[in-house]
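The next block holds one structure in the form of structure tokens; read it before the comments.
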Amino acid sequence: MLRFQTLKGFFCLLLLLVLTSCSASSGEKQIFPICMSMDRLADGRLQLAVQVSDMSGDKATEYTVFSAAGDSFGQTLEILGASMPYPLHFGQLRLCLIGYELATQEELQALLMPVAQLYTINPEAAVMVCMGNAAKTMAAQKPDLGVRLSTYLDQLLARLRQEKLTPPETLRDVMEMLQSGYRDPLLGLCALNAATGPDDAAGGSGSSPTGGGEAKAAFNPTGRIAIGEPSPADDLPDDLTAGSLPRKGGNPVEYIGCAVVGRDRVAGTLTALETRLGLTLRQEAVLSNVTPGSGQLRLPAQMNSIFEDSVQLVTKWQLLGCDALGVIACAARETRAEVDFATLRDAFDPAAFTLTITCQ
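End of the sequence shown sits at 372 in the numbering used here; the numbers just go up one at a time, nothing left out.
Structure follows, in structure tokens:
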């Protein structure tokens, strides 16, 4: 009986500790960045910045950016953390931005490895390449429609991925692709649209569209995408990309298009139209008869109307040194008895690879 009472008291004490959040890692004593960015400064130092909410509660829609610079990621993170009252916890991170110049000049695997190895990191965070300074672009972004930035990014990126306007790769996906070498990732592209601003024809300075009272959120932030007006599936403008959308109002930062990775660095960008076509090719095209020097790519019959565009895009990938289709992985599967994968990967040159494209 005494033993039972002792155990009962122990479990009550344990429950009390949990319910009262006495742990040193309580959410009230941590700072949760929603976004982070990396840039290379003119003096060669790495700049790391995080975007966090200004306040707590259900209506935390104001955000602050904190930044620091150092000789390495670890040193910069240490400096950044030393200036903040509570430790950083990256479990709610939604977006990791890399400045375009940094992404083109340094190996992505080396840049992202310390991020992926953070103990608290959210591996489902999106990785995007930012045209211009990533920290400044991150500071300019703001949620629309009266919701938190985390909810806004969740729903916006889910919709853009659904419409194939940005690639689906997460931090975990990107690291697996870079480490395995089986396929080059496509990274999301974002940019600040300097032309955005209040739309004078849309109602002036924040007045309620109903003529009185407080404006209400335009959607319920439940984390799910509701059924609405379907996409008309019209062709996008050829040159449409992040930072150039002809629009007014809303978040000045845009997230469409993608960055092409070749030889572990960003080698170029794709427009929104090219991104949609490229993601469709990755999903629908079939590789066959692949050797270390040549192969065949078969497109489904429904892509016959965009056959020439597909050939041009695949050629562009190859010239940029990007293996977005996983040609090297297919070659490894078909020739693994003769040549090991590491040998194939090291010798593979997408620009010199002969790929015959057909549509059936």
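Glycine included, every Cβ here is placed at the ideal spot set by N, Cα and C.
So, are the CB atoms of residue i and residue j less than 8 Å apart?
i    : j    : result
F85  : P45  : no
A138 : R106 : yes
A115 : S95  : no
D196 : G111 : no
V272 : C371 : no
S322 : L291 : no
L201 : L124 : no
Y131 : A341 : no
L120 : L190 : yes
P264 : L204 : yes
L198 : A336 : yes
Whole angstroms are fine: how far does the CA of residue j sit from the CA of residue i?
i    : j    : result
G158 : L100 : 26 Å
A214 : Y267 : Residue confidence is low: A214 scores 36 on pLDDT, short of 50, so the model does not pin down where it sits. No coordinate-derived value is stated.
K260 : T253 : 16 Å
M140 : G269 : 10 Å
V326 : L293 : 9 Å
F319 : S300 : 18 Å
L367 : M143 : 31 Å
R57  : Q295 : 40 Å
E188 : R345 : 18 Å
D156 : S65  : 15 Å
E136 : D185 : 8 Å
G307 : A122 : 31 Å
A206 : E118 : 28 Å
A128 : E113 : 21 Å
R160 : E175 : 23 Å
Q316 : I369 : The sequence given here has Asn at residue 316, not Gln. Spanning the two alpha carbons is a distance of roughly 11 Å.
P258 : T281 : 19 Å
T283 : A297 : 20 Å
E74  : K328 : 41 Å
Give every residue of the same chain whose Cβ lies closer than 7 Å to the Cβ of residue i, excluding the five residues on either side of it in the sequence, and list them in chain order.
i    : result
D212 : The predicted model places D212 with a pLDDT of 39, which falls under 50 and marks its position as unreliable, so this point remains unresolved.
Q104 : F44, I46, N134, S162
E286 : L325
A363 : Q330, L331, G333
K154 : N263
F102 : P45, L130, T132, I133, N134
S192 : none
T76  : V64, D66
D55  : none
Given residue i, which residues of its chain have a CB within under 8 Å of its CB, disregarding the five upstream and five downstream residues?
i    : result
R173 : P179, P180
L60  : M48, S49, M50, S79, A80, A81, G82, F85, T88, L89, L92
Y98  : K41, Q42, I43
V339 : L299, V302, G307, F360, P362, F365, L367
Apart from the five residues on each side of it in sequence, which residues of its chain come closer than 6 Å, Cβ to Cβ, to residue i?
i    : result
V62  : P45, M48, F78
A354 : none
Give, in chain order, every unbroken run of the alpha helix (DSSP H) that is at least 4 residues long and sits entirely within the region 280 to 333. DSSP runs (the alpha helix (DSSP H)) wholly in the region 280 to 333: 284 to 296, 319 to 331.
Is the number of C-beta pairs between the region 148 to 156 and the region 305 to 319 that are closer than 8 Å three or more? Contact fails: fewer than three Cβ-Cβ distances are below 8 Å.
Cβ contact check for the region 272 to 282 and the region 161 to 174: 3 or more pairs under 8 Å: The answer is no - the region 161 to 174 does not touch the region 272 to 282, with fewer than three Cβ pairs under 8 Å.
Entirely enclosed beta strand (DSSP E) segments - the region 92 to 156, minimum 3 residues: The region 92 to 156 contains these whole beta strand (DSSP E) runs: 107 to 111, 138 to 142.
What runs of the beta strand (DSSP E), each 3 residues or longer, lie entirely inside the region 45 to 69? Entirely contained in the region 45 to 69, the beta strand (DSSP E) runs reaching 3 residues are, in chain order, 47 to 52, 58 to 65.
Just list the alpha helix (DSSP H) runs in the region 159 to 207, keeping only unbroken ones of 4 residues or longer that don't cross its boundaries, in chain order. With a minimum length of 4 residues, the unbroken runs of alpha helix (DSSP H) contained wholly in the region 159 to 207 fall at 161 to 174, 183 to 192.
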